[in-house]
Each structure stands twice: as structure tokens, then as C-alpha cells.
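Numbering (my numbering), first residue to last: 3 to 73.
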């Protein structure tokens, strides 16, 4: 519901409204946090491969969502 309302509320000049910008900022923060978690896990002597896979998958989902707003 939130995504649909944001898409419908684009400004006439083609820019994003504050709702979309705030959502993108939140997604970027989550992506950055996952990047930090990935670096932390990779720095361990024996990184957990399942955890690395999960983090990378979440990062990709967030990146794809961010890209969908930028089109």
C-alpha cells in the first residue's frame, strides 16, 4: 500500500516526493547496515557461509527495490 501511494504521488516535474525520498533513505541505511554486517562476518576467522549468503540476498533485494524507484 505504501509503495503504491508513493508512486501515485510523484511531483508533476518528474521528481520524487518526500515520501519516496524518505523511503529510499531508509532502504539505503538498511543496505549500508547489511554491508557492514557482511564485512564483519567476512573478517571472522571462519565466516558462516549461510549467514554470508543471507546477508548478500537481503542486500540484493534492497538494491533491487531502490532501483525500482529510480526508474
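Heads up, the beta-carbon is just placed ideally off N, CA and C, and yes, glycines get one too. As the structure is a prediction and not an experimental result, all values here were calculated from the model.
Taking 7 Å as the cut-off, the beta carbon of residue 36 is found no closer than this to the beta carbon of residue 66. The residue among 39, 68, 69 and 47 with its C-alpha nearest the C-alpha of residue 55 is 39.
Straight-line measurement puts the Cα of residue 49 at about 9 Å from the Cα of residue 42. At the C-beta level, residue 64 and residue 25 stay beyond 7 Å of one another. Counting only residues of its own chain and dropping the five nearest sequence neighbours on each side, residue 53 has a CB closer than 8 Å to the CB of 43.
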